[in-house]
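**Q** Residue numbers (this note's numbering), protein chains in the order written: chain E, 191 to 450; chain V, 72 to 288. Even glycine gets a Cβ: it sits at the ideal position worked out from N, Cα and C.
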Amino acid sequence: MKLLKHLMAGLLLLGFAGHAKAQTTDEIISRGTINIGILTDLPPYGFLDENQKPAGFDVEVAEMLGKFMGVKVNLVPLTSPNRIPFLVTGKVDLLVATFGITPERAKTVTFSIPYSAIENSVFARKDSGISKLEDLKGKRVGVPRGSVQDVLLTNALGSTAKVQRFDDDASTYQALITGQVDAIAETGLTGRQLFAKTPEANLEERFILLRQPNGITMRKDQFNLRQWVDTFVYYIKVDGELAATWTKWFKTDFPVLPVF
Amino acid sequence: MRSLNFGDFLFLIEAARWTILLSVSAFVGGGVIGAIIALLRVSKRKPLRYFAIGYIQLFQGTPLLLQLFLVFFGSDMMGLALGPWVAATLGLSLNAGAFLGEIWRGAIQAVPRAQGEAAEALGLHYLPIMRHIVVPQALRIGVAPTVGFLVNLVKATSLASIIGFIELTRAGQQLNNVTFRPFTIYMTVALLYFLLCWPLTIASRKLERRMAFAYRR
Numbered sequence: 191m192k193l194l195k196h197l198m199a200g201l202l203l204l205g206f207a208g209h210a211k212a213q214t215t216d217e218i219i220s221r222g223t224i225n226i227g228i229l230t231d232l233p234p235y236g237f238l239d240e241n242q243k244p245a246g247f248d249v250e251v252a253e254m255l256g257k258f259m260g261v262k263v264n265l266v267p268l269t270s271p272n273r274i275p276f277l278v279t280g281k282v283d284l285l286v287a288t289f290g291i292t293p294e295r296a297k298t299v300t301f302s303i304p305y306s307a308i309e310n311s312v313f314a315r316k317d318s319g320i321s322k323l324e325d326l327k328g329k330r331v332g333v334p335r336g337s338v339q340d341v342l343l344t345n346a347l348g349s350t351a352k353v354q355r356f357d358d359d360a361s362t363y364q365a366l367i368t369g370q371v372d373a374i375a376e377t378g379l380t381g382r383q384l385f386a387k388t389p390e391a392n393l394e395e396r397f398i399l400l401r402q403p404n405g406i407t408m409r410k411d412q413f414n415l416r417q418w419v420d421t422f423v424y425y426i427k428v429d430g431e432l433a434a435t436w437t438k439w440f441k442t443d444f445p446v447l448p449v450f
Numbered sequence: 072m073r074s075l076n077f078g079d080f081l082f083l084i085e086a087a088r089w090t091i092l093l094s095v096s097a098f099v100g101g102g103v104i105g106a107i108i109a110l111l112r113v114s115k116r117k118p119l120r121y122f123a124i125g126y127i128q129l130f131q132g133t134p135l136l137l138q139l140f141l142v143f144f145g146s147d148m149m150g151l152a153l154g155p156w157v158a159a160t161l162g163l164s165l166n167a168g169a170f171l172g173e174i175w176r177g178a179i180q181a182v183p184r185a186q187g188e189a190a191e192a193l194g195l196h197y198l199p200i201m202r203h204i205v206v207p208q209a210l211r212i213g214v215a216p217t218v219g220f221l222v223n224l225v226k227a228t229s230l231a232s233i234i235g236f237i238e239l240t241r242a243g244q245q246l247n248n249v250t251f252r253p254f255t256i257y258m259t260v261a262l263l264y265f266l267l268c269w270p271l272t273i274a275s276r277k278l279e280r281r282m283a284f285a286y287r288r
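1. Against chain C, which members of the region 72-90 of chain V pass a CB distance test of less than 7 Å?
2. Can you have a look at K257/E and say buried or exposed, based on whether 16 or more other CB atoms are within 10 angstroms of its CB?
3. I want to check one thing, is the minimum distance from the CB of V182/V to the heavy atoms of the ligand ZN below 8 Å?
4. Whose CA, out of R335/E, Q339/E, Q364/E and V331/E, lies closest to the CA of T350/E?
5. Buried or exposed: which applies to L326/E, given that a residue is buried once 16 or more other Cβ atoms fall within 10 Å of its Cβ?
6. What residue does the alpha helix (DSSP H) around F166/V start on, and which one ends it?
7. Going by DSSP, which residues form a beta bridge with V331/E?
8. May I ask which residues mark the beginning and end of the alpha helix (DSSP H) holding K438/E?
9. May I have the straight-line CA-CA distance separating F220/V from M258/V, to the nearest angstrom?
10. Are the beta-carbon atoms belonging to L284/E and M408/E less than 9 Å from one another?
11. Can you name the residues that DSSP bridges to K262/E?
12. Here's a check: name, in chain order, each residue in its chain whose Cβ is nearer than 7 Å to the Cβ of G243/V, leaving out the five neighbours to either side.
13. Mapping DSSP to helix, strand and coil, what is R401/E?
14. Am I right that E390/E and F313/E are in contact with their C-beta atoms under 8 Å? What's the rounded C-beta distance?
15. So P134/V contacts chain E; which residues on that side make the cut at Cβ distance below 9 Å?
16. Give the interface partners of L298/V over in chain E, defined as CB-CB distance under 7 Å, in chain order.
17. Shortest alpha-carbon distance to S275/V belongs to which of V218/V, S229/V and N223/V?
18. Closer than 7 Å by beta-carbon distance: list the chain V residues that pair up with V338/E, in chain order.
19. Across which residues does DSSP place D317/E in a beta bridge pair?
20. Which residue comes first and which comes last in the alpha helix (DSSP H) that contains V206/V?
21. Going straight from the alpha carbon of T214/E to that of V446/E, what length do you get?
22. Would you call G150/V buried or exposed, if buried means 16 or more other Cβ atoms sit within 10 Å of its Cβ?
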């Protein structure tokens, strides 16, 4: 019976709680809850911790945002392919999802000033001889579908390399380990950790592809909300809270981020 | 990155609960739609028949993944804002309705036509003919393929992860992305699916045997 009660509560939460589309800061405050899209498959930005709860840098920034706005945070776990549909259809109010700022994406969404950065590197076998972008010509290169490195490599290499797209980061790494691709473009930090742990795979970071600043992401017409979010990012940067969170998760100094 | 722990396996089992619940509700929803579609499909009226054919073609001829995507994100365009749970149930039900409708149409048509004609000659109307003569026999014929389809439906629920529904497969993906232990995780996921589907397959075989028995003289 208790199980049934839990199930019913779950149903209500999932289906009928409804997510009235909130456009402005005031609307979110009067609703009392903010729906924030996060990733749960990109450690240490967003992942499931030992208790299977969302944790990581993005998750803490999202909670900080809710605290400063004075509303409850409802975290919505998303994947990199479905985060844009969730945002533009109003199923979440904004994304704190390691979303890289590009002019291409700014045609569809709007970004806050950068609050974090991510390094993308090319990984391959130690004896592969790959050390720069041109070396990838004629090679099979794995990337997570729809990622920044996917767009970058597709534009830079065109048909000269075979770009293979995978559903998530773990499958991309797996493809390199099992030899389905010759190289992958992936998150520097995770890749370095993973390949340091598995020396028998004979894989390593070959070169850094790009350093990408990320912005909190909103719909194109949420100017009012963006003004608040920019102020929030500026404030936690100045008072050191953002840098402290960064150091907690990445064990490095907070990178110098450009602003616009 | 972290290592797998016991709680992760419990997390997978808990996620399997959503797979079961989604399968059951999609089967109920699909059953209602399927029954209507099957009856329309064998109707004597041409427009009803064509409607059912169109429905079946539409849902069998397009990927379930896209159907789920369109129901979930499309509902927002129409100002309906369905949650992942409702959208997944609706999408899977619409899809299952097409397949079940076609399975049950076959079952209805497998009942010798002469029986219906004889009943008509005795002065029975459409509903009593269906209720007392055709459907009871069609049910027996349709039971085995229906259970067979249910096995497919259980596995198809994994597609609901596209709309943010965290069921068994998506839960496994999330864990894999933090622990990088794909073989352990996906083997466990596969085992859980197997434990859900295997009893269904056995039940299907048993029902089939019992049905053959009923027709033995």
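**A** Short version:
1. Among the protein chains in the structure shown, which are E and V, there is no chain C.
2. On the first sequence, residue 257/E is found 67 positions in, with the first residue counted as 1. That one is exposed.
3. In the structure shown, the ligand ZN is absent, as is every other ligand, since no ligand is present at all.
4. Taking the first sequence and counting its residues from 1, one reaches residue 350/E at position 160. Taking each of R335/E, Q339/E, Q364/E and V331/E in turn and checking the Cα distance to T350/E, the smallest one comes out for V331/E.
5. Here residue 326/E refers to the residue found at position 136 when the first sequence is read from its first residue. With 16 or more Cβ atoms within 10 Å of its Cβ, L326/E is classed as buried.
6. As a working note, residue 166/V is residue 95 in the second sequence. The sequence given here places Asn at residue 166/V; Phe does not occur at that position. Counted as a single uninterrupted DSSP element, the alpha helix (DSSP H) harbouring N166/V occupies residues P155 to A181.
7. Counted from its first residue, the first sequence places residue 331/E at position 141. Answer by DSSP bridge pairing, in chain order: V353/E and A373/E.
8. What you label residue 438/E is simply residue 248 of the first sequence in a count that begins at 1. From DSSP, the alpha helix (DSSP H) with K438/E extends over E431 to F440.
9. Here residue 220/V corresponds to residue number 149 of the second sequence, with the count starting at 1. Here residue 258/V corresponds to residue number 187 of the second sequence, with the count starting at 1. Cα to Cα, the separation comes out at about 23 Å.
10. Mapped onto the first sequence, residue 284/E falls at position 94. Mapped onto the first sequence, residue 408/E falls at position 218. Going by C-beta atoms, L284/E is nearer than 9 Å to M408/E.
11. Walking along the first sequence from the start, residue 262/E turns up at place 72. DSSP output for K262/E lists T223/E as bridge partner(s).
12. Looking up residue 243/V in the second sequence gives position 172. Excluding residues within five positions, the ones whose Cβ falls inside 7 Å are L83, I256, Y257 and V260.
13. The residue labelled residue 401/E in the question sits at position 211 within the first sequence. Looking at R401/E - three-state DSSP - the assignment turns out to be strand.
14. The residue you call residue 390/E lines up with position 200 of the first sequence. The residue you call residue 313/E lines up with position 123 of the first sequence. 15 Å between Cβ atoms; not a contact.
15. As a first step, residue 134/V must be located in the second sequence, where it is residue number 63. Going along chain E, no residue has its Cβ under 9 Å from P134/V, so there is no contact; the nearest lies around 15 Å.
16. Because chain V is modelled from 72 through 288, residue 298/V falls outside the range shown and cannot be assessed.
17. Indexing the second sequence from 1 puts residue 275/V at position 204. Of the candidates V218/V, S229/V and N223/V, the one whose C-alpha sits nearest the C-alpha of S275/V is V218/V.
18. Taking the first sequence and counting its residues from 1, the one referred to as residue 338/E is at position 148. When 7 Å is used as the limit between beta carbons, V338/E is near no residue of chain V, the shortest such separation being about 18 Å.
19. Taking the first residue of the first sequence as position 1, residue 317/E is located at position 127. Answer is none; D317/E lacks a bridge partner.
20. On the second sequence, residue 206/V is found 135 positions in, with the first residue counted as 1. Following the DSSP letters along the chain, one finds V206/V inside the alpha helix (DSSP H) bounded by residues V206 to A227.
21. The residue given as residue 214/E occupies position 24 in the first sequence. The residue given as residue 446/E occupies position 256 in the first sequence. If you draw a straight line from the Cα of T214/E to the Cα of V446/E, it comes to about 30 Å.
22. Here the question's residue 150/V lines up with position 79 in the second sequence. Exposed, by the Cβ-count rule.
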